[in-house]
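All remarks here apply to the structure that follows.
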Amino acid sequence: MERLTLWLVGPEDKAFSQYIPENFRAMLGRDDTVCVGAAYGTSACGAALAQREQGGDYCLRYIFVDPKARLCGLGTYLLRGLLGQLCARGAREVKAIYSPSMLENGKQTLGILERAGFSRPKAVSTSFSTQLGDIPDVSVPPSPSLAVYSVLDAPPEVQNAYQVLLGSGALPDFANLAYLTHPWKELSSFCMENGALSGIFLIDRKGEGCHLAGLYVLPAFRGGRTAAALLAQSIRTAKAILPPETEVWASAIDRNAFSLCDKLLLRGNRAVKETELCSIYRF
Numbered sequence: 002m003e004r005l006t007l008w009l010v011g012p013e014d015k016a017f018s019q020y021i022p023e024n025f026r027a028m029l030g031r032d033d034t035v036c037v038g039a040a041y042g043t044s045a046c047g048a049a050l051a052q053r054e055q056g057g058d059y060c061l062r063y064i065f066v067d068p069k070a071r072l073c074g075l076g077t078y079l080l081r082g083l084l085g086q087l088c089a090r091g092a093r094e095v096k097a098i099y100s101p102s103m104l105e106n107g108k109q110t111l112g113i114l115e116r117a118g119f120s121r122p123k124a125v126s127t128s129f130s131t132q133l134g135d136i137p138d139v140s141v142p143p144s145p146s147l148a149v150y151s152v153l154d155a156p157p158e159v160q161n162a163y164q165v166l167l168g169s170g171a172l173p174d175f176a177n178l179a180y181l182t183h184p185w186k187e188l189s190s191f192c193m194e195n196g197a198l199s200g201i202f203l204i205d206r207k208g209e210g211c212h213l214a215g216l217y218v219l220p221a222f223r224g225g226r227t228a229a230a231l232l233a234q235s236i237r238t239a240k241a242i243l244p245p246e247t248e249v250w251a252s253a254i255d256r257n258a259f260s261l262c263d264k265l266l267l268r269g270n271r272a273v274k275e276t277e278l279c280s281i282y283r284f
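Oh and the sequence shown: position 223 is 224 in our numbering, straight run, nothing missing.
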């Protein structure tokens with residue numbers, strides 16, 4: 002008789018790749034990633050993946066159940082299996098952050114989380130998404146005191162200044178390239194003002210889309226032109242190498258981020274603004 006089994010999935014387990022988005026497959030086998038798959042007999046039928054964040058806690062990145070195997074408890078089975086693997090690795094907490102459009106079947110997905118022991122969802126941020134061609138260009142007058150470089154080809158002194166700030170703890174996590182899943186270095190940028198590193202703009206590649214992962218201006222340079230210069234460089238480069246229908250999205254946590262996203266990403270009739278929710282499982 003066929004039976005349901007749980008598998009720890011690595012990059013060599015191709016049977017489960019159909020249930021894992023392409024931008025997450027590169028994470029399989031990494032020390033900070035745990036992925037489990039479910040199989041009925043010899044047939045794969047779903048997968049769930051979590052990634053470790055700074056501090057040792059994990060974030061649920063993805064869960065998918067084959068449509069032919071839904072409404073029979075498989076999603077809860079997958080999620081509980083994943084939680085068991087995370088517990089064995091010493092996890093203390095797992096977060097699930099999502100927006101309504103991410104849930105193919107909203108009530109069913111929320112039910113899976115609650116049955117597995119996650120808390121009821123709370124609003125934590127606002128997500129914005131649009132297409133690249135709808136984002137307005139940002140104009141910054143040229144200035145000899147201002148220089149912007151892509152992360153890919155920044156001079157050694159700029160790279161060194163960035164590493165010094167990281168090492169001193171002067172930068173938040175969202176300004177750390179190491180915490181991006183797939184940093185898009187051609188589109189990410191550093192700004193130098195009067196010879197000092199004044200800001201960082203990081204973009205993560207998600208599939209063929211762009212996730213605006215973090216814009217950070219150092220306190221001494223706020224209120225100046227650093228943010229505009231960073232945005233201008235990255236938008237100009239993106240429009241030069243990517244098609245206008247490329248998806249672009251960001252999450253806004255504070256008022257300043259919300260205002261900036263509101264101005265840049267709510268142009269055109271394809272823009273979407275949603276509340277992002279968070280549910281937490283604690284061991």
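We put the CB at the ideal spot given by N, CA and C, even for glycine.
Buried or exposed: where does I254 fall if 16 or more other Cβ atoms within 10 Å of its Cβ makes it buried? exposed
Between which two residues does the alpha helix (DSSP H) containing C88 stretch? L75 to A89
Using the rule of at least 16 other Cβ atoms within 10 Å of the residue's Cβ for burial, across every protein chain shown, is Q234 buried or exposed? buried
Between A16 and Y41, is the Cβ-Cβ spacing less than 8 Å? no
Between Q19 and P122, what straight-line distance do the alpha-carbon atoms span, to the nearest angstrom? 28 Å
Report yes if the CB atom of V37 is closer than 8 Å to the CB atom of G91, and no otherwise. no
Across which residues does DSSP place Q132 in a beta bridge pair? E248
What are the start and end residues of each continuous alpha helix (DSSP H) run of 4 or more residues lying completely inside the stretch 216-278, in chain order? 227-242 and 256-266
Helix, strand or coil for R202? Go by DSSP, reduced to three states. A quick correction: the sequence has Phe, not Arg, at residue 202. Three-state DSSP puts F202 in a strand.
Around the Cβ of R206, are there at least 16 other Cβ atoms within 10 angstroms (buried) or fewer (exposed)? buried
From T6, D33, P12 and V10, residue whose alpha carbon lies closest to that of L181: Out of T6, D33, P12 and V10, D33 has the C-alpha closest to the C-alpha of L181.
To which residues does DSSP link C211 through a beta bridge? R206 and V249
For A228 versus G200, is the C-beta spacing smaller than 8 Å? yes
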